[in-house]
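>
2 protein chains.
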Amino acid sequence: MNAGQNDERNVQILLNKEIQPTAMRLLTLEYLLEQQAAVSLADIELHFHKADRITLYRTLKTFEQKGVIHSIQEQQVTKYLLCDESCATGIHHDDHLHFFCTKCRNTTCLHQVDLSVMSLPPGFSVVQWHFSASGICDRCAGTMQ
Amino acid sequence: MNAGQNDERNVQILLNKEIQPTAMRLLTLEYLLEQQAAVSLADIELHFHKADRITLYRTLKTFEQKGVIHSIQEQQVTKYLLCDESCATGIHHDDHLHFFCTKCRNTTCLHQVDLSVMSLPPGFSVVQWHFSASGICDRCAGTMQ
DNA sequence: AGGTAAAATGCAACCGGGTTGCAGGGCAGA
DNA sequence: TCTGCCCTGCAACCCGGTTGCATTTTACCT
Numbered sequence: 516m517n518a519g520q521n522d523e524r525n526v527q528i529l530l531n532k533e534i535q536p537t538a539m540r541l542l543t544l545e546y547l548l549e550q551q552a553a554v555s556l557a558d559i560e561l562h563f564h565k566a567d568r569i570t571l572y573r574t575l576k577t578f579e580q581k582g583v584i585h586s587i588q589e590q591q592v593t594k595y596l597l598c599d600e601s602c603a604t605g606i607h608h609d610d611h612l613h614f615f616c617t618k619c620r621n622t623t624c625l626h627q628v629d630l631s632v633m634s635l636p637p638g639f640s641v642v643q644w645h646f647s648a649s650g651i652c653d654r655c656a657g658t659m660q
Numbered sequence: 516m517n518a519g520q521n522d523e524r525n526v527q528i529l530l531n532k533e534i535q536p537t538a539m540r541l542l543t544l545e546y547l548l549e550q551q552a553a554v555s556l557a558d559i560e561l562h563f564h565k566a567d568r569i570t571l572y573r574t575l576k577t578f579e580q581k582g583v584i585h586s587i588q589e590q591q592v593t594k595y596l597l598c599d600e601s602c603a604t605g606i607h608h609d610d611h612l613h614f615f616c617t618k619c620r621n622t623t624c625l626h627q628v629d630l631s632v633m634s635l636p637p638g639f640s641v642v643q644w645h646f647s648a649s650g651i652c653d654r655c656a657g658t659m660q
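Line order of the protein sequences matches chains A and B. Counting from 516, one number per residue, gives the positions in the first sequence under my numbering. Counting from 516, one number per residue, gives the positions in the second sequence under my numbering.
1) Give the DSSP-derived three-state secondary structure of glutamine 535(A) in the structure shown.
2) Give the DSSP-derived three-state secondary structure of cysteine 655(B) in the structure shown.
3) So, with DSSP's three-state summary, where would you put glutamine 588(B)?
4) Might you give, ordered along the chain, the residues of its own chain that have their beta carbon closer than 6 Å to the beta carbon of threonine 617(B), omitting 5 neighbours on each side?
5) Between the stretch 626-641 of chain B and the stretch 650-657 of chain A, do at least 3 Cβ pairs fall closer than 8 Å?
6) With distances taken Cα to Cα, identify the nearest neighbour of methionine 539(A) among Ile569(A), Gly657(A) and Ala552(A).
7) Measure the alpha-carbon distance for leucine 530(B) versus leucine 544(B) and round it to whole angstroms.
8) How big is the Cα-Cα spacing for isoleucine 606(A) and valine 583(A)?
9) Note down, in chain order, every chain A residue with its Cβ under 9 Å from the Cβ of valine 642(B).
10) What number of angstroms, rounded off, separates the C-alpha of methionine 516(A) from the C-alpha of glutamate 549(A)?
11) By a C-beta neighbour count over all protein chains shown, 10 Å radius and 16 as the cutoff for buried, is lysine 565(A) buried or exposed?
12) Let's test the definition: count the other Cβ atoms within 10 Å of the Cβ of lysine 594(A) and tell me whether it reaches 16, buried, or not, exposed.
13) Tell me the residue span of the beta strand (DSSP E) that contains phenylalanine 614(B).
14) Does the CB of proline 536(B) have a neighbour CB from chain A at under 7 Å?
15) Can you say whether threonine 622(A) is buried or exposed, counting buried as having 16 or more other CB atoms within 10 angstroms of its CB?
Next up, the structure:
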């Protein structure tokens with residue numbers, strides 16, 4: 516693990532998406548890369564207690580718009596997750612299931628669930644899917660207290 | 516169509532769900548019964564321009580809790596729809612697809628889409644599903660301008 | 001290196017939906 | 001008729017999202 520190398524890699528990630536790699540953005544990206552679950556603006560704000568809420572907000576907006584992260588609605592709050600490689604400016608492929616665990620309150624992506632079987636009645640054309648489920652995740656199920 | 520009969524029927528609907536049939540609640544129920552699409556608190560408020568926002572809010576909360584309606588999140592705002600017969604206090608069966616048309620901005624339920632094919636990885640247990648899609652609905656597709 | 005323009009940041013403030021507390025009013029039951 | 005409970009309406013608050021504007025940083029050009 517070499518911090519300098521990670522920085523270098525993260526700079527490249529941003530440049531590939533046409534985002535200027537500023538300090539704030541690199542820190543935010545680094546944080547997002549560490550996350551296993553979706554995080555809200557408030558979560559990030561709490562983590563970087565010195566950072567400005569609005570800057571973070573705009574950073575996330577930029578990331579989302581450029582295809583670095585995608586957002587989901589989780590009971591009134593917006594949460595963010597890293598995108599797949601295939602996402603780009605204005606183009607998202609977020610058609611996978613988001614699972615919200617009511618116990619640990621984490622939201623994770625379940626790419627392995629096959630949603631291709633979904634078909635709509637004639638006349639409807641879908642631009643975007645939003646799939647989510649809530650319940651108990653595998654980790655919490657394993658650790659009954 | 517007999518207004519008195521409808522009233523009587525609506526009173527019964529509420530009583531069956533253990534809700535006191537007050538004037539406000541009957542009006543709200545009547546309005547909800549007329550809707551083809553999900554409505555927000557603001558929508559209802561606009562329709563009953565004399566009504567109090569908070570009372571409406573609490574009426575909807577009561578309806579939801581008692582299994583008359585269910586709520587969905589539609590880009591930051593909560594919208595409400597009538598439940599199936601099978602819903603009761605604290606028990607909802609809303610596992611059908613909600614389709615949001617980006618043109619007419621209406622949200623409708625698509626019960627005909629089969630979601631039973633969905634299966635999760637082992638370890639996950641689902642309490643509630645939330646399926647939605649956005650795009651162009653059949654009615655708007657038919658009326659290209 | 002210095003100057004300039006554009007982009008990013010930080011602060012203040014606003015907005016709108018959701019939510020709660022409390023006082024008044026109406027209705028049902030004693 | 002009296003009493004208590006539930007519904008209603010008003011005020012106010014909270015919190016996430018969002019915008020405007022002034023300041024700072026960065027990139028670029030000479």
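Just so it is clear, CB atoms sit at the ideal spot from N, CA and C, and this is done for glycine as well. Since the model is a prediction, treat every value here as computed from it, not as a measurement.
By the coordinates alone:
1) Counted from its first residue, the first sequence places residue 535(A) at position 20. Reduced to three states, the DSSP call for glutamine 535(A) is coil.
2) Within the second sequence, numbered from 1, the residue matching residue 655(B) stands at position 140. The answer is helix: DSSP assigns cysteine 655(B) an H, G or I state.
3) Numbered from 1 along the second sequence, position 73 holds the residue referred to as residue 588(B). Looking at glutamine 588(B) - three-state DSSP - the assignment turns out to be strand.
4) Taking the first residue of the second sequence as 1, we reach residue 617(B) at position 102. Within the same chain, threonine 617(B) has close Cβ partners Ser649.
5) yes
6) For the purposes of this step, residue 539(A) is taken as residue 24 along the first sequence, with counting starting at 1. It is Ile569(A) whose Cα lies nearest to the Cα of methionine 539(A).
7) The residue you call residue 530(B) lines up with position 15 of the second sequence. The residue you call residue 544(B) lines up with position 29 of the second sequence. So the alpha carbons of these two residues sit roughly 12 Å apart.
8) Taking the first residue of the first sequence as 1, we reach residue 606(A) at position 91. Taking the first residue of the first sequence as 1, we reach residue 583(A) at position 68. Cα-Cα distance, rounded: 10 Å.
9) Sequence index remark: in the second sequence, residue 642(B) carries index 127 (1-based). Neighbours of valine 642(B) on chain A, chain order: Thr617, Ala648, Ser649, Gly650 and Ile651.
10) As a working mapping, residue 516(A) is identified with position 1 in the first sequence. As a working mapping, residue 549(A) is identified with position 34 in the first sequence. With a pLDDT of 49 at methionine 516(A), under the threshold of 50, the predicted position of this residue should be treated as unreliable, though the coordinate-derived value follows. Approximately 14 Å, taken between the alpha carbons.
11) By one-based count along the first sequence, residue 565(A) stands at place 50. Exposed, by the Cβ-count rule.
12) Here residue 594(A) refers to the residue found at position 79 when the first sequence is read from its first residue. That one is buried.
13) Along the second sequence, one-based indexing puts residue 614(B) at 99. That run of the beta strand (DSSP E) goes 612-616.
14) Translated into the one-based positions of the second sequence, residue 536(B) becomes position 21. Chain A, which has no Cβ nearer than 7 Å to the Cβ of proline 536(B), makes this no.
15) Locating residue 622(A) in the first sequence gives position 107, where the first residue counts as 1. Threonine 622(A) should be labelled buried.
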